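The structure appears below as structure tokens.
2 protein chains.
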Amino acid sequence: MIKVVAKSFSKPDKLDEILKLTAEMVEKTVKEEGCIKYEAFQDIRAPEVIIIIEEWESQEALNRHMASEHFRRIVPKLNELRQKASEVNVLKKLF
Amino acid sequence: MIKVVAKSFSKPDKLDEILKLTAEMVEKTVKEEGCIKYEAFQDIRAPEVIIIIEEWESQEALNRHMASEHFRRIVPKLNELRQKASEVNVLKKLF
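Residue numbers (the numbering used here), protein chains in the order written: chain A, -19 to 75; chain B, -19 to 75.
The following block contains the structure:
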């Protein structure tokens, strides 16, 4: 099992657009084979901070996700609306 | 429901100590009232990056956690073993 935490920082005036694209990303991604969980969260004190928490059955499933039509179409759009590059951590469970 | 993502950065030579204290923290915290989930992960490419993903029934439960004996005893010790302050995001679910 692979866990991914992806933290991004929206440009202040682009949050609505980010949320719309993120909603589409979640809707499409949860239907992917090998996707156990894909959930979007927002910091309650810093609304520009969006964190996606993902769980994948395998590295192959995660690779397929990153090659999917929706990933390749939506992620570049999201990147244009962000203050800076997202911080992505691919994780293994310790305890 | 409240989600917390806490990212920390271990001093390179302190990782073993950090992992021991983190294991104790997980063991104690999962027994707390109002704790739905409290899991520790490590970045597969950057082992000094430890991320705790938490789920709490309420803000009150999270407050109790931060006032607990184990939190008040272990967190200051962890902080001494970290390169810099942890990044803690308290989150609400979007999608």
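From the three backbone atoms N, C-alpha and C, an ideal C-beta is built for every residue, glycine too. Keep in mind the model is a prediction, meaning the values are calculated, not measured.
Asked	Found
Closer than 9 Å to chain A by CB, residue 1(B)	no
Neighbouring residues, chain A, relative to residue 25(B) (Cβ below 8 Å)	70
Chain A within 9 Å of residue 20(B), Cβ atoms only	yes
Whole-angstrom distance between residue 59(B) and residue -3(B), CA atom to CA atom	11 Å
Cβ of residue 51(A) within 9 Å of any chain B Cβ	no
Residue 57(B) versus residue -12(B) - alpha carbon distance	13 Å
9 Å Cβ cutoff, residue 16(B) in contact with chain A	no
Where the beta strand (DSSP E) containing residue -6(A) begins and where it ends	Careful: residue -6(A) lies outside any beta strand (DSSP E) and carries neither H nor E.
Interface residues of chain A facing residue -17(B) [CB-CB closer than 8 Å]	21 and 33
Within chain A, partners of residue 6(B) - CB distance below 7 Å	75
Minimum Cβ-Cβ distance from residue -13(B) to chain A less than 9 Å	yes
When -5(A), -10(A), -9(A) and 73(A) are compared against residue 35(A), the one with the closest alpha-carbon	73(A)
Backbone CA spacing between residue 45(B) and residue 30(A) [nearest angstrom]	24 Å
Cα-Cα separation, residue 40(B) to residue -19(B)	11 Å
Own chain partners of residue 10(B) with C-beta closer than 7 Å, once the 5 adjacent residues on each side are dropped	18
Neighbourhood of residue 3(A) by C-beta, 6 Å cutoff - its chain only, sequence neighbours within 5 removed	none
Chain B residues whose Cβ lies nearer than 8 Å to that of residue 29(A)	69
Nearest-angstrom Cα separation, counted from residue 47(A) out to residue 16(B)	33 Å
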